[in-house]
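A short worksheet on the structure shown next.
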Amino acid sequence: MINAPDTGETTSSQTSSALEDGTVSGGEEEGAVAPAAQAGYTALSMPQNILLDPTQWQGFLDSAKAQGYTAVTVTLKDGQGSLYYNSGVTRAVNNGAVVTGAVNAAQLCQTIEASGLTPIARMGCFVDRYGSIGSDATFTSGGARLWQGTPNGENAFAYLDPYTDVARTYLVQIAQEIATAGFHTILLDDVAFPTGNVFTSAVINQHNTTGATQAAILTQFVQEVQNGVASLNATAMPVGDALSYLGINASQYGGTFAGLSSNVAFTMDFASLTAANGVAGYETLDSAGVLTQLVGQVQAAGGNVTLLVSAADYAAQQALFTGLNLSGIIVL
Numbered sequence: 001m002i003n004a005p006d007t008g009e010t011t012s013s014q015t016s017s018a019l020e021d022g023t024v025s026g027g028e029e030e031g032a033v034a035p036a037a038q039a040g041y042t043a044l045s046m047p048q049n050i051l052l053d054p055t056q057w058q059g060f061l062d063s064a065k066a067q068g069y070t071a072v073t074v075t076l077k078d079g080q081g082s083l084y085y086n087s088g089v090t091r092a093v094n095n096g097a098v099v100t101g102a103v104n105a106a107q108l109c110q111t112i113e114a115s116g117l118t119p120i121a122r123m124g125c126f127v128d129r130y131g132s133i134g135s136d137a138t139f140t141s142g143g144a145r146l147w148q149g150t151p152n153g154e155n156a157f158a159y160l161d162p163y164t165d166v167a168r169t170y171l172v173q174i175a176q177e178i179a180t181a182g183f184h185t186i187l188l189d190d191v192a193f194p195t196g197n198v199f200t201s202a203v204i205n206q207h208n209t210t211g212a213t214q215a216a217i218l219t220q221f222v223q224e225v226q227n228g229v230a231s232l233n234a235t236a237m238p239v240g241d242a243l244s245y246l247g248i249n250a251s252q253y254g255g256t257f258a259g260l261s262s263n264v265a266f267t268m269d270f271a272s273l274t275a276a277n278g279v280a281g282y283e284t285l286d287s288a289g290v291l292t293q294l295v296g297q298v299q300a301a302g303g304n305v306t307l308l309v310s311a312a313d314y315a316a317q318q319a320l321f322t323g324l325n326l327s328g329i330i331v332l
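Written as structure tokens, this is what we have:
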């Protein structure tokens with residue numbers, strides 16, 4: 001899940017620290033983490049406070065370029081449904097999803113490209129407290145009462161219902177806007193259903209008129225986005241925890257992340273990858289072995305892998321990443 005970012009000062013949870021002049025360091029340690037891993041691209045994530053301040057863009061981009069990064073990732077729709085660019089999608093505008101000071105996405109994309117870097121966009125999907133306003137696109141608690149997620153949390157976990165055409169169309173329209181602005185790679189976060197005890201009051205299948213499984217409707221959604229941006233020379237792929245590809249803690253995906261798309265992006269905590277030891281074929285592997293075998297499994301099925309990693313893991317695992325033939329690495 002994308003955390004809803006602080007649009008003011010950079011928070012301590014952001015692993016790329018933004019300095020006053022817009023330059024960045026690649027992690028908590030002093031100095032930059034210079035990219036060495038051989039991947040299709042190595043991207044640095046732009047903090048939201050810099051994204052919303054165009055006067056800081058160039059300093060950030062120059063710093064990223066100087067450190068050896070070849071791409072920059074920007075979050076244009078966050079994990080609560082806020083849009084950080086000048087969206088014209090009717091539902092987004094009417095429901096207050098566009099933040100104050102939203103930037104011109106095309107201008108941002110052009111500025112990144114003019115700096116010799118590849119622009120990559122991230123957008124949250126079904127976790128959305130704005131798009132979910134209205135019974136036509138969200139879950140209910142039974143009857144006509146809308147299900148609004150966790151209590152006393154400003155609807156922090158309100159969801160769009162993947163079974164509704166309205167919800168999926170809304171997200172496809174946003175992806176198409178992002179692609180039209182010039183972003184040719186779009187990462188789809190939160191392609192998921194609500195799970196856990198807090199969500200038991202939601203009527204999950206209320207809008208399921210076809211009998212499709214959760215995994216099937218999420219796969220259909222990813223394909224709809226991919227089809228919707230293909231004519232705009234863009235590609236889209238879902239983001240999920242690496243272990244969920246093996247079915248570990250993957251109930252939000254209908255049991256496994258593996259079927260959503262051939263091309264995938266994995267978030268991961270490197271030290272925790274040994275949780276895969278309970279999966280057949282992974283029993284004796286250390287973290288490096290788990291990642292190597294997992295990436296190979298995706299590639300053997302005809303897919304490609306992008307990794308989203310912390311600055312610390314990125315710095316520590318350069319030798320490993322070099323040999324994985326990754327599509328890209330994004331430093332968070």
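Numbering-wise, UniProt numbering puts 86 at position 86 of the sequence shown, and it's gapless, one number per residue. All C-beta atoms in this analysis are idealised placements derived from N, C-alpha and C, irrespective of residue type, glycine included. If you're wondering where the values come from, they're calculated on a predicted model, not measured in any experiment.
Item	Value
G116 versus V103 - alpha carbon distance	20 angstroms
Spatially closest choice to G247 from D241, V239, G240 and T256, by CA coordinates	T256
Integer-rounded CB distance, given that V264 should sit under 8 angstroms from Y245	7 angstroms
For Y163, the nearest candidate out of G328, G124 and S132 (CA to CA)	S132
Rounded straight-line distance, which links the Cα of Y130 to that of S272	33 angstroms
Secondary structure of D53, DSSP reduced to three states	coil
Touch test, the segment 75–93 against the segment 121–128, Cβ-Cβ under 8 angstroms, three pairs minimum	yes
Within-8 angstroms CB hit, A106 to chain B	The structure shown contains no chain B; it holds only a single protein chain.
Buried versus exposed call for E177 [16 or more other C-beta atoms within 10 Å across all chains shown]	buried
Integer-rounded CB distance, given that A181 should sit under 8 angstroms from Y253	With a Cβ gap of about 28 angstroms, Y253 and A181 do not count as contacting.
Same chain only: Cβ atoms within 6 angstroms of Y85, ignoring 5 sequence neighbours per side	L76, A102, V103 and A105
Whole-angstrom C-beta distance between H207 and D241, which should lie under 8 angstroms	At roughly 26 angstroms, the Cβ-Cβ gap does not stay under 8 angstroms, so D241 and H207 are not in contact.
Reduced DSSP secondary structure (H/G/I, E/B, other) of R129	coil
Sequence-distant residues of the same chain with beta carbon closer than 7 angstroms to C109, five excluded per side	P119, A181, G182 and F183
Residues bridged to R122 (per DSSP)	T75 and L187
Helix, strand or coil at L307 [DSSP, three-state]	strand
Alpha-carbon to alpha-carbon, T284 and N233	42 angstroms
Reference V72, options R168, E113, G96 and N49, closest by Cα	E113
Three-state class that DSSP yields for Y159 in the structure shown	strand
Cβ neighbour criterion (16 or more within 10 Å) applied to T322	exposed
Reduced DSSP category for L61 - H, G, I as helix; E, B as strand; rest coil	helix
T11 (DSSP reduced to helix, strand or coil)	Low local confidence applies: a pLDDT of 31 at T11 is under 50, so the model's placement there is unreliable, and no value is given.
Where the alpha helix (DSSP H) through V264 begins and ends	Element bounds for V264: not the alpha helix (DSSP H) but the beta strand (DSSP E), V264 to T267.
Nearest-angstrom Cα separation, counted from L308 out to A66	21 angstroms
Candidates Q297, V290 and G302, of which the one nearest S262 by Cα	G302
Residue burial classification, N95 (beta-carbon count within 10 angstroms, cutoff 16)	buried
Sheet register partners of S45 (DSSP bridge)	T73
According to DSSP, residues forming a beta bridge with residue 333	The displayed coordinates of the chain run from 1 to 332. Any statement about residue 333 would go beyond what the structure contains.
Per DSSP, cross-strand counterpart(s) of T138	L160
Chain-order list of residues whose beta-carbon lies under 8 angstroms from that of A300 (same chain, five-residue window excluded)	none
Distance between A312 and V222 (C-alpha atoms, nearest Å)	31 angstroms
Euclidean distance between Cα positions of F60 and G68	13 angstroms
As assigned by DSSP and simplified to three states, the class of I174	helix
Where Q214 falls: helix, strand or coil (DSSP)	helix
Spatially closest choice to G40 from L332, F270 and L326, by CA coordinates	L326
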